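> I am attaching a structure below and will ask some questions about it afterwards.
There are 2 protein chains.
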Amino acid sequence: MTSNASSVEVCFSPRLFKYIRTKGECIVVVTDVLRASTSICSALHHGARQIRPVGTLQEALILKEKGLLVAAERNGLKVDFADFGNSPFDFAVKKVKGQTIVYTTTNGTRAIELARERGTVAIGAFINLQVLSKWITRQGKPVVILCAGWKNQFNLEDALFCGALTESLLHPGNFSMECDSAEAALDLWSVAKKDILHYIDKASHRKRLKQLNADDVLDYAFTLNLTSVVPVLSGEHIRDVSRII
Amino acid sequence: MTSNASSVEVCFSPRLFKYIRTKGECIVVVTDVLRASTSICSALHHGARQIRPVGTLQEALILKEKGLLVAAERNGLKVDFADFGNSPFDFAVKKVKGQTIVYTTTNGTRAIELARERGTVAIGAFINLQVLSKWITRQGKPVVILCAGWKNQFNLEDALFCGALTESLLHPGNFSMECDSAEAALDLWSVAKKDILHYIDKASHRKRLKQLNADDVLDYAFTLNLTSVVPVLSGEHIRDVSRII
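Protein chains in written order, with my numbering: chain H, 1 to 245; chain C, 1001 to 1245.
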């Protein structure tokens, strides 16, 4: 541990976020591996200019009527009036290039709303793990990894991401940790990482996606380091800051 | 899985209890391994007639003035007016035999208050694991294991107990499970069980107890099956029901 060590804390549900122990300004990494945070990384990777997260369908509809593209999902399904659902594959199209995309999901965008009250909000997924970890390390601030969860409950896929990111942050010795959730996430990741797709087979959300015929995203969502985008919220928009030192 | 299978669900914090998926009446096992649930088992094991959990110090003080023995802890420390703190060793004395003990703790008794709204409340700890598991199996109802946590946050020791109890319930094939928290608890338990005292060394509450010179309870709290009591709430009191079929 170096003398300028920052702390890592993990929070397994938006409903537990107000009880975090990290004081003062911090970086909050919001993760919703299946599927919002993976999709936001994918959209920026495919050239979307920015993402505008909104909490309600009503806000999304108003912005749609103003001519913006809208991605909207509830209970795993694309909302009728939306241009996209929340599959990362939706955003791998020319249509997104240079565009602002309004985005609202069951769990992900609500977590972002909470996180913004505590500091800098970054978006984390397995597909941008390494570049995100490097970016966080350069900021020299405490970090809290916030799981979007599923309807406020703990979920395995987000917990695994917490473990993977914590491992990556601890590795260079720049971060310290005194958090049972982070310890648990590290142990779960150590069990899962040898064969993550096999491991995640037992996750309840994986079953939910299967029922919705939406589990085609699993390979993609659990592949490490497919992109070099670092999505960070600034004002009303999430943009890739990877090229900003 | 037999045709009369019941479900197991795990809830890592009282603040997430309202989001559990188990419907209808169930058995809620409240656990607060360090130290309330271990201490309740210990008190009944040493002959206390019954435990009366109360949520506030004010209620405890009123009952003390009526002549009852009071165990009361806040932030890990015994409250001034109380007869006992919440170390299980406090209850291994002749003073408790045949007595009613009023009990209020930082986390444990609040979890009991929540749990009672959903059905039968049982108290679980490593020291009564096996007998509790057998008793639950005989009831033929869904079970939710509720961690008291530490100030509403996830903690390792309670999560490990959830894993141990889930493993025990699943073993005979009487229970089914579709719960990410239970899956995670099982995996954590599988990592920890080979040397639980070594594992728990990293838990933040273990460090907290050490600072309070109260970590002498660790050996006791993590020893399996020291007692055959099954503490169950009935009306205002928790009593041992192990001899009731």
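Every residue, glycine too, gets a C-beta built ideally from N, C-alpha and C. Please read all numbers here as calculations on a predicted model, not as lab measurements.
Give the single residue among Ser1037/C, Phe1126/C and His1045/C whose Cα lies nearest to the Cα of Lys1097/C.
Here residue 1097/C refers to the residue found at position 97 when the second sequence is read from its first residue. Per the Cα distances, His1045/C.
> Go ahead and label Ile1200/C buried or exposed: buried means 16 or more other beta carbons lie within 10 angstroms of its beta carbon, across all protein chains shown.
Residue 1200/C sits at position 200 when you count from the first residue of the second sequence. Per the 10 Å Cβ criterion, buried.
> Check each residue of the segment 1140–1165 of chain C: if its Cβ is closer than 7 Å to any Cβ of chain H, include it; give the result in chain order.
Within the segment 1140–1165 of chain C, the qualifying residues are Lys1151, Asn1152, Gln1153, Phe1154, Asn1155, Leu1156 and Ala1159.
> Using beta carbons (cut-off 8 Å, strictly below), is Val30/H in contact with chain C?
In the first sequence, counting from the first residue as 1, residue 30/H sits at position 30. No, Val30/H lies away from the interface with chain C (no Cβ there is under 8 Å from its Cβ).
> Among the residues of its own chain, which have a CB less than 8 Å from the CB of Pro172/H, if the five just before and after it don't count?
For the purposes of this step, residue 172/H is taken as residue 172 along the first sequence, with counting starting at 1. Spatial neighbours of Pro172/H in its own chain (CB-CB distance under 8 Å, excluding positions within 5 residues in sequence) are listed in chain order as Thr137.
> Please confirm whether Val1131/C and Val1230/C have their CB atoms less than 8 Å apart.
On the second sequence, residue 1131/C is found 131 positions in, with the first residue counted as 1. On the second sequence, residue 1230/C is found 230 positions in, with the first residue counted as 1. Against a cut-off of 8 Å, the Cβ pair of Val1230/C and Val1131/C comes out as a contact.
> Does the Cβ-Cβ distance between Ala1221/C and Ala184/H come in under 8 Å?
Within the second sequence, the letter at position 221 stands for residue 1221/C. Within the first sequence, the letter at position 184 stands for residue 184/H. In this structure, Ala184/H does not lie closer than 8 Å to Ala1221/C by Cβ.
> Check whether the Cβ of Gly55/H lies closer than 7 Å to any heavy atom of the ligand COA, and answer yes or no.
Ligands are entirely absent from the displayed structure, and the ligand COA is therefore not among its contents.
> Where does Thr22/H land, buried or exposed, given buried means 16+ other C-beta within 10 angstroms?
Within the first sequence, the letter at position 22 stands for residue 22/H. Per the 10 Å Cβ criterion, buried.
> So that I know if they touch, is there some Cβ in chain C lying closer than 8 Å to that of Lys193/H?
Residue numbering aside, residue 193/H sits at position 193 when the first sequence is read from its first letter. Lys193/H does not count as touching chain C.
> Looking at chain H, is there any beta carbon in it that lies within less than 8 Å of the beta carbon of Arg1015/C?
Counting from one through the second sequence, the residue named residue 1015/C turns up at place 15. Taking Cβ atoms only, chain H reaches closer than 8 Å to Arg1015/C, which makes this a yes.
> Would you say Lys1253/C faces chain H, with C-beta separation under 8 Å as the test?
With chain C represented from 1001 up to 1245, any question about residue 1253/C goes unanswered, as that position is not in the structure.
> Once DSSP output is grouped into helix, strand and coil, what is the label at Ser39/H?
Here residue 39/H refers to the residue found at position 39 of the first sequence. Note: Ser39/H maps to helix in three-state DSSP.
> Distance check for Ser7/H and Gln1211/C, CA to CA, integer angstroms please.
Taking the second sequence and counting its residues from 1, the one referred to as residue 1211/C is at position 211. Taking the first sequence and counting its residues from 1, the one referred to as residue 7/H is at position 7. Distance between the alpha carbons of Gln1211/C and Ser7/H: 20 Å.
> Would you identify the three-state DSSP class for Leu1068/C, choosing helix, strand or coil?
Position 68 of the second sequence, counting from 1, holds the residue named residue 1068/C. Note: Leu1068/C maps to coil in three-state DSSP.
> Identify each residue in the segment 1196–1214 of chain C for which the Cβ-Cβ distance to at least one residue of chain H is less than 8 Å, and report them in chain order.
Those residues of the segment 1196–1214 of chain C that come within reach of chain H (Cβ to Cβ, closer than 8 Å) are Lys1202, Ala1203, Ser1204, His1205 and Lys1207.
> Which runs of the alpha helix (DSSP H) at least 4 residues long sit entirely within the segment 50–121 of chain H? Give them in chain order.
For the segment 50–121 of chain H, the full-length alpha helix (DSSP H) segments reaching 4 residues or more read 57–65 and 108–115 along the chain.
> Against chain H, does Cys1026/C count as a neighbour if the rule is that its beta carbon must be under 8 Å from one of theirs?
In the second sequence, the residue the question calls residue 1026/C occupies position 26. No, Cys1026/C does not count as interfacial toward chain H.
> Put Val131/H into one of helix, strand or coil per three-state DSSP.
Reading the first sequence from its first residue, position 131 is the one you call residue 131/H. DSSP places Val131/H in helix when its eight states are reduced to three.
> For Asp1219/C, which of helix, strand or coil comes out of DSSP?
Counting from 1 along the second sequence, the entry for residue 1219/C is found at position 219. It is helical.
> Rounded to the nearest angstrom, how far is the Cβ of Ser1133/C from that of Ser1190/C, given a contact under 8 Å?
On the second sequence, position 133 is the one that residue 1133/C refers to. On the second sequence, position 190 is the one that residue 1190/C refers to. 17 Å between Cβ atoms; not a contact.
> At least one CB of chain C closer than 8 Å to the CB of Tyr103/H: is that the case?
The sequence position of residue 103/H within the first sequence is 103, counting from 1. Answer no: the Cβ-Cβ gap between Tyr103/H and chain C never drops below 8 Å.
> Against Ala184/H, what residues of chain C qualify as contacts under a CB-to-CB distance less than 8 Å, listed in chain order?
Numbered from 1 along the first sequence, position 184 holds the residue referred to as residue 184/H. Within 8 Å Cβ-Cβ: Phe1154, Leu1156, Ala1159, Ala1184 and Leu1188.
> Out of curiosity, what's the CA-to-CA distance linking Ile1101/C and Ala1060/C?
In the second sequence, the residue the question calls residue 1101/C occupies position 101. In the second sequence, the residue the question calls residue 1060/C occupies position 60. Computed Cα separation, rounded: 10 Å.
> Short check: CB of Asp1195/C to CB of Ala1111/C, under 8 Å?
Your numbering for residue 1195/C matches position 195 in the second sequence. Your numbering for residue 1111/C matches position 111 in the second sequence. No, the Cβ-Cβ distance between Asp1195/C and Ala1111/C is not below 8 Å.
> Can you pull out the residues from the segment 169–184 of chain H whose beta carbon lies closer than 8 Å to at least one beta carbon of chain C?
Glu178, Cys179, Asp180, Ser181, Glu183 and Ala184
> Taking Leu12/H as the query, report the chain C residues whose CB atoms sit under 7 Å from its CB, ordered along the chain.
Start at 1 with the first residue of the first sequence, and residue 12/H comes out as number 12. According to the sequence as given, residue 12/H is Phe; it is not Leu. In chain order: Phe1012 and Phe1154.
> Roughly how many angstroms separate the alpha carbons of Pro14/H and Leu146/H, rounded to a whole number?
Counted from its first residue, the first sequence places residue 14/H at position 14. Counted from its first residue, the first sequence places residue 146/H at position 146. Approximately 7 Å, taken between the alpha carbons.
> In three-state DSSP terms, what is His205/H?
One-based indexing of the first sequence puts residue 205/H at position 205. Three-state DSSP puts His205/H in a helix.
> Would you mind telling me which residues of chain H sit closer than 8 Å to Tyr1019/C, beta carbon to beta carbon, in chain order?
Counted from its first residue, the second sequence places residue 1019/C at position 19. Result: Arg15, Lys151, Asn152 and Gln153.
> Does the Cβ of Phe1244/C have 16 or more other Cβ atoms within 10 Å, making it buried, or fewer, making it exposed?
Working through the second sequence from its first residue, we reach residue 1244/C at position 244. According to the sequence provided, residue 1244/C is Ile. The question's Phe does not apply to it. Flag for Ile1244/C reads exposed.
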